[in-house]
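Peer 1:
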Amino acid sequence: MRRLIALLLLLAITAMPLGAQTPAPRPPARRPVVTRPATPAPAPAPAPTATTAPARETSEPPAREVARSKLFLIARADSVYIVIDSMAPRGHSWRVTRSDGVVVAEGIEPERSADRVTEQLGEDLPLARRLTRADDAVTLLRRLNSDRAVSYTGLLLSRRIAAVTGRLAVDGAPGRVAGVSYRAELVRRIDGVVRASFAATLRAAPSIAAPVTALVATPVIEGIQLRWRYPRYTGEPGDVTIGFLVERSAAAGDGEWRPLIADPLIRDDSRTPGWLDPDVTDGAAYRYRIVPVLVGGFATEPGAALAVTMRDRLPPLAPLDAAAEALDGRVRIVWSLPPDADVDGFHIERRKGGSDSTWTRLTTTRIPATTLEYTDSTVRGGSIYAWHVRAIDRAGNVSPWNTPVTTRADERTPPDAPLSATATLGAGRRATYSWKPPATRDVAGYHIFRAPVGGASVRLTGTPVPATSFVDSAAAGAGLMPGITYRVEIVSVDSSTNQSPATVIMLAVPDDEPPEPARLVRAQGRFGGSVTVTWTSSTSLDVASYDVEVTEQGTKAPRSIGRAGVRGPLMVVDTAAEDGTALRYAVVAVDSAGNRSPVAVDTLTLVDEERPSAPRAVWAVRKGPLVRLGWERVMSRDLAGYVVLRAASLRDTLEEVGRTAPGVREFVDRAAPPSVYYAIRAVDTSGNTSIPQPLVTPVTGEP
Amino acid sequence: MVTLLAGLAASQCAVATLAYGDPPRAVAIAGRRLSEPTMTDAMAAGAPAVADTSVATRAREALRALELVETGLAVKRDSTDITRRSEQRRLLDAARAVLDTAILRVPEGRATLAVLQREYPGAALLREYEAWRLLADGNPLEALGRFEGLLRAQRRSTPLLRGRAHALDALHREPDATDAWRRVLDGAPGDGDAFDALWGRHTAAGTLAELHRTVIRLRLLHPSDTTLLGREVRVLQALGLPDSAAAIVQRFQGDGT
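Protein chains in written order, with the working numbering: chain A, 126 to 828; chain B, 33 to 289.
Listed below in C-alpha cells is the structure:
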C-alpha cells in the first residue's frame, strides 16, 4: 500500500498536466502534491472491489517487497484482470488461482525475450519507451525488469506493461465474478515451493470507480474552468482510481464525446480536482464529463455530463498607441487597434486642463472597431485637452483606459463678426457701444477700435471683453471729442485670438462746447495812429477763426475790427482807434461749429507822449525890477503855450512864474529878484513839456 | 485506453514546478524519471528522424542560451548596463536564428522540436515554434488554435499575431485574415508582411483609400518611423496622386531624415 501511495504521489508530481493548473496568476508556492493522507481517511470510501489477505505460507521469508505486495482486481465485462503489484524475485514466478480452485495462470514472470516485448506492448510501446528512456527493445526490457519504480509506474498506467513485467493475470472466464476470490502465490521455480501468497476478493463486477460529484463548469477569462469532487483515497484495495479523463462534446451538433486530454489527471487529494479548458469559443455551448481511470489504465463509466456556455469574460486590451493631431478648430485622435479579435468598438473621453479636471464622455454610441480615430470638433482653440480611449468587445467587456494623449487645440478660422452694433452717446460725451454675439461658437470676447475719420485707429480694449456692450469714456474719462466723427470697429475674438472682420459704427459727436479762449492778447498802437491786436491761438483744436472787437470807453456797443483765420497771422489792425480814449479789445475764438469762446481782452488808450521842441534863442533883459524875457517861436501843431520858470540860483528849484499863449513869445517878470535864472519850456496840449535847456540869466540894458 | 505519456507527464511536471518557482526540482524530477528523450517518438510520429545531430545540438544550445538570456533580461530589465543588455539582445537574436533554421527550415525540424520540447518543457517559445511548425506542415487549423491559445497569455505578441494571420490566410478565412493583418500592422507598423497582405487585399477590392487612411493614422502614432513615409508614397502613387507623393518625398529629403 505504501508503494501505491508513493507511486501515486510520484505520479501526482510527475504526471500533473499543465492544464490542471490555473495558468495565471501564479499560485502560491506549495509542496509537491500527495495523493492520500498518512492515515487513510475512514469515510467515505468507495465500495471495495477486492480484498487482499496476504499470508505467509513458508518459513523462509520472501523478499521484503514481496512481503508488502497485494493484488488489484479489475473486473471488466468479460475478464478479470489480476494485477500483482510486485515482481517475482529471480527464480520465482507467480501463480494465480481462483477461489473455485481453477488455476487462472501460472509461471507468471517477466518477459525475457526482447523480440516479443514490442509486440506485447502494442500501443503502449511509446509509453514504455518514455518510461524506460530506451530506444531499443533490449534496453527497454532490461530497464522494465530492473527499475522497480519504472515498472511500477508502468504497472499502474498500462496493463500491457504489467503483463510484460510479469505481474498480470487475466481470468477470461470468471463466471459469476462478484464474490470470487483470487490468490497469487509466489512459487519458487526450482522446487515449486510457495514462498508467499496473497488473496483478494472481488466485491463488484465490473469494477467501478467512485462517481465524480459536484461537477461545476465556470466560464472564466482563460476558458472554462471545471471543478469536481472525488472521495479521498482510502487505502482500500478496491480503491483503484488513479486519475481522470476529461471529455467534451458540443452541445449542438453530433454530440460526439472527445477527450480533451490524452493523459489522465492524477488523482490528488490535496486539492480540488479541476481542469481548465482553454480551447473554447465565446458563445459556444459545451458539455463536459469526467471519466475516472483505474489502475492499469482502464477507463470507467463517465460521470454525469454538464452543459455550459462559454461567456467571454476577458476584457480586451486598451489601445496601446494613441496620438492627437491639432487641426483647425478640431483635434483628431487616432489609436492603434488592440490585438483582441473580438473588439467591437471604442469609447472616448476628454478632459480639459490638468489632471484634476474630470473626464467627459464624448461618444454616446461606440466608435466602430474599424474606425480607429475620432475628430473632436468641440474643442476651443488654445486650450489643452487630454483624451483617452478604451475598447469594448462583443461581450461587453471593456478594456482599461489607455494612456491619455494631450495636445493644445488650435483654431485658425476667425469667428464671425458681431451683429447689430449700435452706438449711443450719453452724458459727458460717453459713448456706449452694443452688439449681438455672432453665431460662431468659439467667441472669447470682443475688441473695440475707434478712430476719428481719417485718423489713426486706437484699440480701446486691452483684452477681449466678454460682454456685448462697452462704454467709451475716451481718455481719462473726458468723453469723446466734440465735433468729431468716429469710426468704431468691433471684432469678435476667439480663444485662439483669431479676429473676425469688423463691424463698423460711425459715431458723430456734436460740437456744443465753446473753444478755449485765445491767449496772450496784446493791443499796441501809437497816438494818432492805428492799433495792432495780436494773440496766440486757442488750445482748442477745432477753432476756425477769431473775432476781434473793440469797445471804446463810454460806448456800449463793441465795434468789430476784424476776423482772423487760424492759418494766417493771428493779428488785426484797428485803424480807427481814437486817441486818448480807453479802448478794450476782445478776441473771441470761434470753432467750426460756431461756438464762441470766452473773450480774451486787452485794453489800450492812445496818448500823446511827444515833447514839443524847446524854445531857442531865449534872452532876458533886466531893467530895474523888471525883467523882460523873449524867445523864438516853437513849431508844434499842438503847442499849448510856454511856461516861464524861475529860480534864484542854479541850485534852487525852478518855479513857474507865468505862462504865455502859443503866439506870445515875450514875458515880463515884474518881480524879479536881483539874482535870478530863467527857463522857458514849450508845453503842448497833452501837457508834454519840452526838454530843459540851459538857464538864462538876464542882462542889464536894452535887449 | 489510457495513454498517459510519461514523457509528457514529466514535461508537465516540470512546467508545473517551474510555475511554482522551483526549476531545480522540476529538472530533477523530470531528469530522474524520464531524463533524456529519444528520437523514437519522432520516428513513431512519422517525422524524419534527426539524422543530423548537430542541428539538434545547435538548437539545444540556442534554446539554452535563449532561456538564459531571457532570464537575464528579466532580471536586468531595470539595469542601466546598456552594453550587457545589448549583448543579451544579440545573443537572443542569434539564438532565434538558430532555432528558426533548426525547427522551421529543415525537414527534420519537427523531430528537433519534439526533442527540445521534452528537454525544455517550460519554454513558451517552443510552443510558439510548435504552432509555426504546424503551419509549415500544412495544418493551419491546428496552428490557428495554438496561436490563439498562446495569444490568450501574450496578447500583444507580434509574432503570434502574425502567425494567427498566416493561419487564417491559409484557411482562406478572408474577413478574419484581413482583420488579423490589421492587428499585426497596428502592433508592428513596420511589418512588411502585414502591409503587403493588406496592400493586396485593398488593391483587389479597390479600397486603397482606406489603406491610405491607415498609413496616415500609423504615421501619427509613430512619427519617427520612416518606413511609413515610403508606404504612404506607394499608396499615393497607386491612388494616382503623384504630386502628393512627391510632396512627401520632398519633405522627407528636406528633413534630412
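C-beta atoms are modelled at their ideal positions from N, C-alpha and C, and glycine is treated no differently. It should be emphasised that the depicted structure is a prediction, and the values quoted were computed from it without experimental measurement.
State the Cα-Cα distance for the pair D125/B and T133/B, rounded to the nearest angstrom.
Peer 2: Whole-angstrom Cα-Cα distance: 12 Å.
Peer 1: Please name the residue or residues paired with K195/A in a DSSP beta bridge.
Peer 2: Answer is none; K195/A lacks a bridge partner.
Peer 1: Tell me whether the beta-carbon of V216/B lies closer than 9 Å to the beta-carbon of T190/B.
Peer 2: Cβ atoms of V216/B and T190/B: closer than 9 Å.
Peer 1: Where P817/A and R647/A are concerned, what is the direct C-alpha to C-alpha distance, given to the nearest angstrom?
Peer 2: Those two C-alpha atoms are separated by around 34 Å.
Peer 1: What residue from G399/A, V341/A, L327/A and D567/A has the CA that sits closest to S204/A's CA?
Peer 2: Comparing Cα-Cα distances from S204/A to each of G399/A, V341/A, L327/A and D567/A, the minimum goes to L327/A.
Peer 1: Would you check if the distance between the CB atom of A701/A and the CB atom of G654/A is smaller than 9 Å?
Peer 2: No, these two residues do not count as a Cβ contact at 9 Å.
Peer 1: Listing by chain order, which chain A residues have their CB less than 8 Å from the CB of D211/B?
Peer 2: What D211/B touches in chain A: A466.
Peer 1: Looking at the strands, I want to know which residues DSSP matches up with H217/A.
Peer 2: Beta-bridge pairing links H217/A to R313/A.
Peer 1: Which stretch, first to last residue, makes up the beta strand (DSSP E) that contains G783/A?
Peer 2: Element bounds for G783/A: E780 to T785.
Peer 1: What are the boundary residues of the alpha helix (DSSP H) that Y161/B is part of?
Peer 2: It spans A156 to A168 - the alpha helix (DSSP H) in which Y161/B sits, taken as one unbroken run.
Peer 1: Mapping the DSSP letters down to three states, classify Y558/A as helix, strand or coil.
Peer 2: Three-state result, Y558/A: strand.
Peer 1: By DSSP, does V265/B sit in helix, in strand, or in coil?
Peer 2: Of the three classes helix, strand and coil, the one that applies to V265/B here is helix, per DSSP.
Peer 1: With a CB to CB cut of under 8 Å and the five nearest residues on each side skipped, what residues in its chain are close to D223/B?
Peer 2: Same-chain partners within the cutoff: T190, R194, V216 and L217.
Peer 1: Can you name the start and end residues of the beta strand (DSSP E) that R753/A belongs to?
Peer 2: Its beta strand (DSSP E) spans residues L751 to G755.
Peer 1: Mind checking if A448/A is an interface residue toward chain B, Cβ cutoff 9 Å exclusive?
Peer 2: Yes, because at least one Cβ of chain B sits closer than 9 Å to the Cβ of A448/A.
Peer 1: Please work out which residues of its chain come closer than 8 Å, Cβ to Cβ, to A643/A, disregarding the five sequence neighbours upstream and downstream, and give them in chain order.
Peer 2: Only W660, T661, S662, S663, Y671, L695, V712, V713, A714, S722 and A725 meet the Cβ criterion.
Peer 1: Are the beta-carbon atoms belonging to I573/A and R555/A less than 9 Å from one another?
Peer 2: Contact: no.
Peer 1: Does the Cβ of E206/B have 16 or more other Cβ atoms within 10 Å, making it buried, or fewer, making it exposed?
Peer 2: Exposed, by the Cβ-count rule.
Peer 1: Taking the continuous alpha helix (DSSP H) assigned at L271/B, which residues delimit it?
Peer 2: Counting along the chain, L271/B falls outside any alpha helix (DSSP H), and DSSP gives it neither H nor E.
Peer 1: Would DSSP call H513/A helix, strand or coil?
Peer 2: Of the three classes helix, strand and coil, the one that applies to H513/A here is strand, per DSSP.
Peer 1: Could you tell me the alpha carbon to alpha carbon distance between V337/A and A202/A, rounded to whole angstroms?
Peer 2: If I take the Cα positions, the gap works out to 21 Å.
Peer 1: Taking the beta carbon of Q285/B as the centre, do at least 16 other beta carbons fall within 10 Å, making it buried, or is it exposed?
Peer 2: By the neighbour-count rule (16 or more Cβ atoms within 10 Å), Q285/B is not buried but exposed.
Peer 1: Should D777/A go down as buried or exposed, given a rule of 16 or more other Cβ atoms within 10 Å for buried?
Peer 2: Exposed.
Peer 1: Name the two residues that bound the continuous beta strand (DSSP E) containing L708/A.
Peer 2: From DSSP, the beta strand (DSSP E) with L708/A extends over A707 to D716.
Peer 1: Pick out whichever of S800/A, R455/A, I517/A and A682/A has its Cα sitting closest to the Cα of I473/A.
Peer 2: Cα-wise, what sits closest to I473/A is I517/A.
Peer 1: Using the Cα positions of I61/B and R258/A, report the straight-line distance between them to the nearest angstrom.
Peer 2: Since pLDDT at I61/B reaches only 36, below the 50 mark, its modelled position is unreliable, and the value read off the structure follows with that caveat. Each residue's Cα considered, the two are about 14 Å apart.
Peer 1: Against chain B, which members of the stretch 391–407 of chain A pass a CB distance test of less than 8 Å?
Peer 2: Answer set for the stretch 391–407 of chain A: P403 and D404.
Peer 1: If I measure Cβ to Cβ from A279/B and keep anything under 6 Å in the same chain, skipping five residues before and after, which residues do I get?
Peer 2: If we look at A279/B and ignore the five residues flanking it on each side, it has no Cβ neighbours.
Peer 1: Report back the beta-carbon spacing between A466/A and Y411/A to the nearest angstrom; my notes put them in contact at under 8 Å.
Peer 2: About 20 Å separates the two Cβ atoms, so there is no contact after all.
Peer 1: Rounded to the nearest angstrom, what separates S685/A and L708/A at their Cα positions?
Peer 2: Between S685/A and L708/A, the C-alpha separation is close to 12 Å.
Peer 1: Would P255/B count as contacting chain A if we go by Cβ distances under 9 Å?
Peer 2: So, interface residue.
Peer 1: What are the boundary residues of the beta strand (DSSP E) that D446/A is part of?
Peer 2: It is not in any beta strand (DSSP E) - D446/A carries neither H nor E in the DSSP assignment.
Peer 1: Pick from S582/A, E614/A and P525/A: whose alpha carbon is nearest that of A546/A?
Peer 2: Checked all of S582/A, E614/A and P525/A; the closest Cα to A546/A is E614/A.
Peer 1: Expressed to the nearest angstrom, what Euclidean distance is found between the alpha-carbon atoms of L182/B and Y355/A?
Peer 2: Their Cα atoms are separated by approximately 31 Å.
Peer 1: According to DSSP, S685/A sits in a beta bridge with which residue or residues?
Peer 2: Note: S685/A sits in a beta bridge opposite E674/A.
Peer 1: Of all the CB atoms in chain B, is at least one closer than 9 Å to the CB of P417/A?
Peer 2: No, because no Cβ of chain B sits closer than 9 Å to the Cβ of P417/A.
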